[in-house]
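Those letters in the sequence shown? Residues 1 to 325, per the UniProt record's numbering, in order.
Everything below concerns the one structure shown next.
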Amino acid sequence: MPNIKIKNLLEKYIHGTCTPEEEKYVHEWFDQDEDITENQNLLSQEECTFKEEKIWNNLQLTVLNNNPSFSTKKKSINYSQIYKYAAIIIMFLALIFEINSYGNGAFWWNGDRYTTAYGEIKEISLKDGSVVTLNSMSELKVPNNYEKSNRELFLTGEAYFKVKKNTDKPFIVYANDISTTALGTEFNVSAYVEDNKTIVSLKKGKVEVKELTLNTSSEVILNPGEEVLIQQNQTLTKSTFSDTERLGWKVEHLLVFKDANIEEVLGKLRRHYGVKFNYSGLQNKQWKLTGEFKEQSLNDVLESLSFNYNMQYEIRKGEVILFDK
1 MPNIKIKNLL
11 EKYIHGTCTP
21 EEEKYVHEWF
31 DQDEDITENQ
41 NLLSQEECTF
51 KEEKIWNNLQ
61 LTVLNNNPSF
71 STKKKSINYS
81 QIYKYAAIII
91 MFLALIFEIN
101 SYGNGAFWWN
111 GDRYTTAYGE
121 IKEISLKDGS
131 VVTLNSMSEL
141 KVPNNYEKSN
151 RELFLTGEAY
161 FKVKKNTDKP
171 FIVYANDIST
181 TALGTEFNVS
191 AYVEDNKTIV
201 SLKKGKVEVK
211 ELTLNTSSEV
221 ILNPGEEVLI
231 QQNQTLTKST
241 FSDTERLGWK
251 VEHLLVFKDA
261 NIEEVLGKLR
271 RHYGVKFNYS
281 GLQNKQWKLT
291 GEFKEQSLND
301 VLESLSFNYN
311 MQYEIRKGEV
321 ILFDK
């Protein structure tokens, strides 16, 4: 059985959601004669999803909720508990492997970390001559071993990459559940967690984009002017893009929207202006905004939105409250 399925079963077993047949399989798997350490490597590089913090929290809760007590009295062996905690141990070993292999863990980090604040754009020059432009409310992690055997980076948020060509050392960006591999090229990755989607847009050269989840592994090659959209639990969708739409934030500091819904619009405004939004008082939440704003004040943007969507707004202690007229 593939390692991916084993890991899924272990997670289900820990949380008590296995079917009787699945539970039986887990028991048989633990009873195999071969050394169990051979099965510790449950996460390969292309299957890693960088969810270690969530797994860690789940494991902690599992142990705390069970709160096992040990008695000195002799009693029968509870194999179900042994199997369960063995599963926890192996999941934890897989977690350690993941963190140490990719340097993207929340607990140990050995490298540089770059962040941007609300409305901030930062340019970062890497050791190999590649240049990264980091958009607002984003984070880029660069391991200390960057450029030794390969060039791996870890992104949360959005960034534009201008990659120095080196055919011997692939340039790989991990963001959400995807990896983007390039040799010498320029591309943009938008991977804000709250957007629930990742978009890779290629300006020059060629890149390979892979979806990395526990259950699937698919990939697509992009040529200049093409982009790929990856949404949660969906396949890769390839299309074309305009420079203004995807790269306007870097070139002209534009806020660009194309058929954007209310969550996308307010999310981008929040990251740019550093304010929270409360729109529970709106009846019309079916926005489809197309347009752009260039270095305009928050009030100017809100006035425009108020006119388009027949609403009003108030700003109270850093929070924008939207409501119907």
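Virtual Cβ for every residue (Gly too), placed ideally from N, Cα, C.
Taking a 10 Å sphere around the C-beta of asparagine 135, we find 16 or more other C-beta atoms and assign the residue as buried. When Cβ pairs closer than 8 Å are counted between the two stretches, the segment 167-176 is seen to touch the segment 150-157, the count reaching three or more.
When beta bridges are read from the DSSP output, aspartate 112 appears opposite Val142. Setting aside the 5 residues that flank it on each side, isoleucine 321 is surrounded in the same chain by Asn278, Glu314, each with a C-beta closer than 6 Å to its C-beta; the list follows chain order. Between glutamate 263 and glutamine 312, the alpha-carbon positions lie close to 17 Å from each other. Between alanine 260 and glutamate 23, the alpha-carbon positions lie close to 45 Å from each other.
A distance below 8 Å between beta-carbons, with the five flanking residues on each side excluded, links tryptophan 287 to the following residues of its chain, in chain order: Ala260, Asn261, Ile262, Val265, Tyr309. Beta-carbon to beta-carbon, leucine 255 and lysine 268 are separated by about 6 Å, close enough to satisfy the 8 Å threshold.
Looking from the CA of alanine 159, the closest CA among Gly291, Lys325, Gly248, Gly184 belongs to Gly248. Per DSSP, reduced to three states, the secondary structure at serine 136 is coil, with no helix or strand assignment.
Residue burial is scored here from C-beta neighbours: lysine 141 has at least 16 other C-beta atoms within 10 angstroms and is therefore classed as buried. With a threshold of 16 other beta carbon atoms within 10 Å, phenylalanine 307 falls short and is exposed.
In terms of Cβ geometry, phenylalanine 161 and glutamate 123 do not form a close pair [threshold 8 Å]. Counting the other CB atoms within 10 Å of its CB gives valine 251 a total below 16, which places it among the exposed residues. Exclusion of the five residues before and after phenylalanine 257 leaves Glu264, Val265, Lys268, Leu289, Thr290, Gly291, Glu292 as the residues of its chain whose Cβ lies within less than 8 Å of its Cβ. Between leucine 202 and leucine 229, the gap from beta carbon to beta carbon reaches 8 Å or more.
Rounded to whole angstroms, the separation of the alpha carbons of threonine 198 and valine 189 is 7 Å. Under DSSP, threonine 237 takes part in a beta bridge, and its partners are Leu229. Taking threonine 115 as the centre and dropping the five residues before and after it, the same chain places the C-beta of Glu139 closer than 6 Å to its C-beta, in chain order. Note on geometry: alpha-carbon atoms of threonine 156 and glutamate 194 lie some 10 Å from one another.
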